[in-house]
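J.: Sharing a structure with you now.
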Amino acid sequence: MIRFEQLKATPLHLGITDRTGGVSQGVYGGMNTNFYNPEQFENACQDIKIAIDALGLTGKIIVATRQTHSNHVLKIDESTDFQNLDEIDVKYTALSDYRLYSSPDTDALMTNRKDVILMTFYADCVPLYLFDPVNEAVAIVHSGWRGTSNKIAETVIKEMAYHYHSEPQHLFAGIGQSAGKCCYEVDEPVKTLFRVHFSEHDMNCFFEPKANGRYFIDLKKANELIFLENGLKSDHIEINPACTICKSDLYHSHRKANGGKRGSMSQLCQLI
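Following this line, the structure appears as structure tokens:
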């Protein structure tokens, strides 16, 4: 379980799973939180419960993303009608005491409720969080190259400002383990999409040319720039340097998947 130093002694309990400590086996092991795979459903539920217990999360409502690399942010508050979400049947699993909901076409979640567990999924894409300690609100974000090129992190910052009156200088942000610049290659069409929202100067900070019209890309750096240009303080941004492709024995990696089969890591959190 990966945690962030700057969240110690805060009312936010947050962590990102890795491949250790679970019951899943083989290419899905040892921890896999992807309950969307029917073949791995029961083991994934058990692994989620292990992660929840390790983080000391007490909520009994879990809201998870059904990710599509969108810029859709779901806000969960006291008026949320959970009937508008997809409820997952977890009877007779390790999560039988919980209500598990899935939000379709969603890549970010935010809340100021203290009875809800938020959950997102990763296997090379970038886990992000934003925490407002003044207004006690949190958002967690799934940001692959599409989400990063569309500045989903900026969308979330603006949504938090609108709904929670969060001021950027008060926000704490985290960037978790993901595919690193050392390993993550993209082509010219991907770089072209970044030009829509990024200047050439900024792109030079996180694109490194390779041969044959390809590039190494540093999505962590790109998201750090988004945080900074939206008013976050540099000393409020904590970055995990680990590369999920380099360390596919410790982290699930889509690009290192065995025959296309892999598990997923999750970012889970709750305001306590």
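The numbering of the sequence shown is my numbering, which starts it at 34 and goes up by one. Beta carbons are placed, not taken as given, at the ideal position from N, Cα and C, and that holds for glycine. Model, not experiment: these values are computed from the prediction.
1) Helix, strand or coil, according to DSSP, for L265 in the structure here?
2) Compute the distance between the beta-carbons of M298 and A156, then report whether it is under 8 angstroms.
3) Apart from the five residues just before and just after A87, which ones in its own chain have a Cβ nearer than 6 angstroms to its Cβ?
4) Less than 8 angstroms separating the beta-carbons of S176 and L163?
5) Measuring only between beta-carbons, confirm whether N263 sits less than 8 angstroms from chain C.
6) Just checking my contact of E192 with M143 at CB under 8 angstroms: how many whole Å lie between their CB atoms?
7) Could you tell me the distance, in whole angstroms, from the CA atom of G246 to the CA atom of D220?
8) Restricting to Cα atoms, I'd like to know which of K82, L47, S182 and E75 is closest to Y23.
9) Could you please give me the residues that DSSP links to Q300 through a beta bridge?
10) Anyone know if the C-beta pair for Q100 and T139 falls short of 8 angstroms?
11) Nearest-angstrom Cα distance between Y195 and V189?
12) Would you identify the three-state DSSP class for L118, choosing helix, strand or coil?
13) By alpha-carbon positions, which one of N145, V123 and I208 ends up nearest to N168?
14) Can you give me the Cβ contacts of E75 inside the same chain, cut-off strictly under 7 angstroms, excluding the 5 residues immediately before and after it?
15) Touch check for the stretch 224-236 and the stretch 206-215: three-plus C-beta pairs under 8 angstroms?
16) Of the residues L47, R52, E38 and R36, which one's Cα is nearest the Cα of S281?
17) Can the beta-carbon of I278 be found closer than 8 angstroms to that of R288?
18) Helix, strand or coil, according to DSSP, for D86 in the structure here?
19) Are the CB atoms of D165 and S199 within a distance shorter than 8 angstroms?
20) Can the beta-carbon of I85 be found less than 8 angstroms from the beta-carbon of Q300?
21) Between C302 and V171, which are expected to be in contact by the criterion C-beta below 8 angstroms, what is the C-beta distance as a whole number of angstroms?
22) Is R132 helix, strand or coil when you go by DSSP?
23) Counting only the same chain and skipping the five closest in sequence on each side, list residues whose C-beta sits under 7 angstroms from that of M45.
24) Rounding to the nearest angstrom, what Cα-Cα distance links E241 and F249 in this structure?
T.: Straight from the coordinates:
1) The three-state secondary structure of L265, taken from DSSP, is coil.
2) Cβ distance < 8 angstroms, so M298 and A156 count as in contact.
3) Short of 6 angstroms from the beta carbon of A87, and not among the five residues preceding or following it, lie these beta carbons of its own chain, in chain order: M34.
4) When the beta-carbon positions are compared, S176 and L163 stay at least 8 angstroms from each other.
5) Of the protein chains in the structure, only one exists, and it is not chain C.
6) Indeed, because the Cβ distance is near 6 angstroms, the residues count as touching under 8 angstroms.
7) Going from the Cα of G246 to the Cα of D220 covers about 6 angstroms.
8) The structure shown does not extend to residue 23, since the chain is modelled only from 34 through 305, so no value can be given for it.
9) DSSP output for Q300 lists I49 and T153 as bridge partner(s).
10) Yes, the Cβ-Cβ distance between Q100 and T139 is below 8 angstroms.
11) The alpha-carbon atoms of Y195 and V189 are separated by roughly 10 angstroms.
12) Three-state result, L118: coil.
13) Cα-wise, what sits closest to N168 is N145.
14) Setting aside the 5 residues that flank it on each side, E75 is surrounded in the same chain by T126, each with a C-beta closer than 7 angstroms to its C-beta; the list follows chain order.
15) With fewer than three CB-CB distances shorter than 8 angstroms, the stretch 224-236 does not count as touching the stretch 206-215.
16) The shortest Cα separation from S281 among L47, R52, E38 and R36 belongs to R52.
17) Yes, Cβ-Cβ distance for I278 and R288 is below 8 angstroms.
18) Residue state, collapsed to three classes: helix.
19) Their beta carbons are under 8 angstroms apart, which means S199 touches D165 by this criterion.
20) Not closer than 8 angstroms, so no.
21) Cβ-Cβ separation between C302 and V171: approximately 6 angstroms, consistent with a contact (criterion under 8 angstroms).
22) DSSP places R132 within a strand segment (E or B) once states are collapsed to three.
23) As written in the sequence, residue 45 is Leu, which differs from the Met given in the question. Contacts found: F164, V171, C302 and L304.
24) When the Cα atoms are used, E241 and F249 turn out to be separated by approximately 5 angstroms.
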